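There are 2 protein chains.
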Amino acid sequence: MATESSRARSLNETRDRILGVALDVLGENPDAGMGEIATAAGVVRRTVYGHFPSRLDLIRTLTERAVAEMAAVLTEAAAAEAADVAWARFVARVWPVAHRYRVLVALRRGEFGEAIHSLLGPVDVLLADLVQRGQDGEVFARHLPAGVLSQLAYNAVFTIADSELAGGASGVRAATIASLLVLGVPEARATALSDRS
Amino acid sequence: MATESSRARSLNETRDRILGVALDVLGENPDAGMGEIATAAGVVRRTVYGHFPSRLDLIRTLTERAVAEMAAVLTEAAAAEAADVAWARFVARVWPVAHRYRVLVALRRGEFGEAIHSLLGPVDVLLADLVQRGQDGEVFARHLPAGVLSQLAYNAVFTIADSELAGGASGVRAATIASLLVLGVPEARATALSDRS
DNA sequence: ACGTCGTTGCACAGCAGTGTGCAACACTGG
DNA sequence: CCAGTGTTGCACACTGCTGTGCAACGACGT
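From first to last, the protein sequence lines stand for chains A and B. Just so it is clear: in the first sequence, position 18 is 18 by this note's numbering, and no numbers are missing. Just so it is clear: in the second sequence, position 167 is 364 by this note's numbering, and no numbers are missing.
Listed below in structure tokens is the structure:
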């Protein structure tokens with residue numbers, strides 16, 4: 001903190017740092033308060049309120065960023081012909097940010113659950129559509145409706161991203177295989193897909 | 198509330214009702230306070246404190262019950278020869294209570310996470326052991342270490358129990374298939390196992 | 001030097017939840 | 001009828017977080 005020679009750099013510099021740090025802090029404790037976030041960001045609580053009028057505002061901004069990133073990755077990955085190939089590409093692309101945004105899964109329950117759920121809705125729809133496409137094309141299993149199955153596969157990715165082996169190249173591979181398996185893709189094909197991402 | 202003619206029945210009657218209702222209330226909102234739980238149980242906040250000195254006490258008791266039930270079911274199911282058969286039996290047996298105790302998954306984060314995590318530890322170990330046994334016997338896949346893989350399969354069961362199709366016989370079947378798939382069991386065998394529970 | 005802007009420090013009001021104390025009440029069994 | 005027990009209603013102190021107001025400070029560009 002004291003080593004930081006210059007104070008303010010640009011308009012959005014502090015704002016961005018707060019957002020970034022908020023993801024980390026809330027990721028470890030979804031109930032963390034504004035004070036905790038502020039301290040972690042190296043600023044005072046009052047400063048956070050200067051950028052985000054309320055706690056909900058902060059979280060909403062966070063969610064909007066996550067939705068934008070994931071939706072972009074998802075639509076780009078969904079361009080692939082086969083649904084299983086598209087899913088594998090999605091996991092590979094989304095992996096770098098999955099761990100950062102894992103808090104949103106926990107944040108869907110409690111307090112702001114409603115707001116977050118509605119913001120996250122579009123992503124859920126995209127996911128369900130992709131899975132539905134796979135089920136229609138006999139690529140994915142039909143033991144569950146597309147809506148639930150997509151949540152299951154997506155949960156698998158986030159659970160692995162949340163575990164200790166989040167870092168390292170083995171994480172992406174494991175997440176791809178695990179999510180494809182739950183989607184009903186045979187192990188051999190899942191393994192093959194996890195290598196050509 | 199007014200229809201309840203007699204007041205107190207036995208020593209544990211109110212206590213048990215509080216515990217039961219607390220699971221429901223906390224299931225919908227893990228941040229629910231003692232007042233909310235008390236009202237839902239048809240008593241006053243003060244009464245809850247009469248049975249449980251603190252909020253942590255309530256939740257700990259809840260967790261201990263869950264651990265006891267799940268551990269019993271798990272050890273009984275694990276008696277089966279093959280690991281995949283054991284898992285299928287476990288899911289079938291644990292299903293009736295999985296939905297009730299789903300809140301514990303959410304409660305592991307935030308505030309009492311530490312306490313709950315330690316209480317839930319033994320169950321995690323049992324689960325990991327069973328999965329490890331399956332991996333050693335070439336029944337389960339090895340794309341993930343037993344510890345993570347067991348959490349994945351167990352999460353799948355709870356996610357399905359938490360979805361709309363929690364009620365109905367189709368839920369157990371879906372949960373069994375989905376969890377077996379993620380464990381690496383081929384779809385055909387998983388489907389067969391899900392019928393003979 | 002001057003005004004601007006982001007930041008700081010502090011004070012404050014408000015709210016919600018926790019946990020406690022205590023007197024009053026209702027029901028039960030002897 | 002009376003003592004015991006569980007419940008109630010209310011009061012209270014305490015804590016922690018939210019959100020606001022405001023004066024001061026420091027860096028920056030002109």
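Positions of the beta carbon are idealized from the N, C-alpha and C atoms, including for glycine. Predicted model only: the values in this text are computed from it and were never measured.
Residue i, buried or exposed, once every other Cβ within 10 Å from all chains shown has been counted against 16
i: residue 376 of chain B; result: buried
i: residue 159 of chain A; result: buried
i: residue 84 of chain A; result: buried
i: residue 146 of chain A; result: buried
i: residue 367 of chain B; result: exposed
i: residue 196 of chain A; result: exposed
Closest Cα partner of residue i within the set the options
i: residue 296 of chain B; options: B:235, B:233, B:362, B:278; result: B:362
i: residue 92 of chain A; options: A:29, A:126, A:175, A:128; result: A:175
i: residue 15 of chain A; options: A:35, A:146, A:39, A:50; result: A:50
i: residue 142 of chain A; options: B:306, B:230, B:387; result: B:387
i: residue 299 of chain B; options: B:220, B:277, B:392, B:209; result: B:220
i: residue 345 of chain B; options: B:329, B:309, B:294, B:359; result: B:329
i: residue 163 of chain A; options: B:382, B:341, B:359; result: B:341
Residue j beta carbon less than 9 Å from that of residue i
i: residue 107 of chain A; j: residue 26 of chain A; result: yes
i: residue 95 of chain A; j: residue 183 of chain A; result: no
i: residue 60 of chain A; j: residue 116 of chain A; result: yes
i: residue 287 of chain B; j: residue 301 of chain B; result: no
i: residue 78 of chain A; j: residue 129 of chain A; result: yes
i: residue 350 of chain B; j: residue 324 of chain B; result: yes
i: residue 122 of chain A; j: residue 71 of chain A; result: yes
i: residue 82 of chain A; j: residue 137 of chain A; result: yes
i: residue 114 of chain A; j: residue 97 of chain A; result: no
i: residue 250 of chain B; j: residue 186 of chain A; result: no
Cα-Cα separation between residue i and residue j, rounded to whole angstroms
i: residue 156 of chain A; j: residue 140 of chain A; result: 16 Å
i: residue 42 of chain A; j: residue 35 of chain A; result: 11 Å
i: residue 236 of chain B; j: residue 242 of chain B; result: 7 Å
i: residue 228 of chain B; j: residue 55 of chain A; result: 17 Å
i: residue 331 of chain B; j: residue 57 of chain A; result: 47 Å
i: residue 263 of chain B; j: residue 76 of chain A; result: 43 Å
i: residue 188 of chain A; j: residue 172 of chain A; result: 17 Å
i: residue 261 of chain B; j: residue 315 of chain B; result: 11 Å
i: residue 210 of chain B; j: residue 347 of chain B; result: 36 Å
i: residue 200 of chain B; j: residue 244 of chain B; result: For residue 200 of chain B, the pLDDT reaches just 34, beneath the cut-off of 50, and the residue's location in the model is therefore unreliable, leaving the point undetermined.
i: residue 225 of chain B; j: residue 308 of chain B; result: 17 Å
i: residue 374 of chain B; j: residue 181 of chain A; result: 11 Å
i: residue 358 of chain B; j: residue 109 of chain A; result: 16 Å
i: residue 259 of chain B; j: residue 234 of chain B; result: 13 Å
i: residue 230 of chain B; j: residue 80 of chain A; result: 48 Å
Enclosing alpha helix (DSSP H) for residue i [first to last residue]
i: residue 247 of chain B; result: 242 to 248
i: residue 81 of chain A; result: Unbroken run through residue 81 of chain A: none, as it is neither H nor E.
i: residue 218 of chain B; result: 210 to 225
i: residue 185 of chain A; result: Segment: none, residue 185 of chain A is in no alpha helix (DSSP H) and carries neither H nor E.
i: residue 300 of chain B; result: 300 to 304
i: residue 315 of chain B; result: 310 to 333
i: residue 251 of chain B; result: It is not in any alpha helix (DSSP H) - residue 251 of chain B carries neither H nor E in the DSSP assignment.
i: residue 198 of chain A; result: Missing from the structure shown is residue 198 of chain A; chain A here goes from 1 to 197 and no further.
i: residue 232 of chain B; result: 231 to 237
Residue i: CB within 8 Å of a non-hydrogen atom of the ligand COA
i: residue 299 of chain B; result: With respect to the ligand COA, the structure offers nothing, as it holds no ligand at all.
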